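Colleague: Those letters in the sequence shown? Residues 1 to 150, per full-length UniProt numbering, in order.
Every residue gets a Cβ at the ideal spot worked out from N, C-alpha and C, and that includes glycine.
Computed from a predicted model, the values in this text were never measured in an experiment.
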Amino acid sequence: MRIALFEPEIAGNVGAILRLGACMGAAVDLIEPMGFEWDDRRVRRAAMDYIDHVAIARHAGFDAFRTAVGSRRLVLFTTKSRQSAYDFRFMAGDVLLFGKESAGVPAAVAEACHAQVRIPMRAQVRSMNLATSAALALGEALRQTATLPS
Numbered sequence: 001m002r003i004a005l006f007e008p009e010i011a012g013n014v015g016a017i018l019r020l021g022a023c024m025g026a027a028v029d030l031i032e033p034m035g036f037e038w039d040d041r042r043v044r045r046a047a048m049d050y051i052d053h054v055a056i057a058r059h060a061g062f063d064a065f066r067t068a069v070g071s072r073r074l075v076l077f078t079t080k081s082r083q084s085a086y087d088f089r090f091m092a093g094d095v096l097l098f099g100k101e102s103a104g105v106p107a108a109v110a111e112a113c114h115a116q117v118r119i120p121m122r123a124q125v126r127s128m129n130l131a132t133s134a135a136l137a138l139g140e141a142l143r144q145t146a147t148l149p150s
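What follows is the structure, given as structure tokens:
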């Protein structure tokens, strides 16, 4: 299982997701450009020493990312989908894709994904924090595929 972040903008979110990947055994793909410098101290502050325990791949753009992940199924998490992530059937090789904090992903990226799902939430709010969304999504995907760490 992999987590992919499309053009992430907030260093602290990336750091928290790197720590999540380390704890849960999921690799993290970063699709550039990012909204901060990679050596930003906020990435390391949020990831702490866990950054040494996660496989990280940086990609020059979406096309380079698609080439790198090959035929793996891309599952986009978006507030625009009607399909609940809890009704979706995940597979162990899935790549869980999340858009940038301010704008999600462009239509061309959404169309390139094999599936689009959403995390159900109250109608009065727009969206969750990126790291929180990734944690909920990864937890459900690992639970469904019986690949949660022991």
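Three-state secondary structure (DSSP) at arginine 2?
Modeller: strand
Colleague: Based on Cα-Cα distance, which residue from Ile17, Gly12, Met24 and Ala22 lies nearest to phenylalanine 36?
Modeller: Gly12
Colleague: In terms of residue numbering, what span does the beta strand (DSSP E) encompassing residue 219 cover?
Modeller: Any answer about residue 219 is impossible in this case: the structure gives the chain only from 1 up to 150.
Colleague: Please state whether the Cβ-Cβ distance between leucine 76 and glutamine 116 is less than 8 angstroms.
Modeller: Yes; because the gap between Cβ atoms is below 8 angstroms, this pair is in contact.
Colleague: If we call anything under 8 angstroms between Cβ atoms a contact, is phenylalanine 98 one with serine 133?
Modeller: yes
Colleague: What is the DSSP secondary structure of valine 95, counted as helix, strand or coil?
Modeller: strand
Colleague: Counting only runs that start and end within the segment 45-107, where is the alpha helix (DSSP H) found for 4 or more residues in a row?
Modeller: 62-69
Colleague: To which residues of the same chain is phenylalanine 88 closer than 7 angstroms at the C-beta, ignoring the five residues directly before and after it?
Modeller: Cβ neighbours of phenylalanine 88 beyond the five flanking positions: Ala115 and Val117.
Colleague: I think isoleucine 56 touches valine 95, with their Cβ atoms under 8 angstroms apart; what is that distance to the nearest whole Å?
Modeller: Isoleucine 56 to valine 95, Cβ: 14 angstroms. No contact.
Colleague: Using a Cβ-Cβ cutoff of less than 8 angstroms, which residues in the same chain neighbour arginine 73 once the five nearest sequence positions on both sides are dropped?
Modeller: Met91, Gly93, Asp94, Val95, His114 and Ala115
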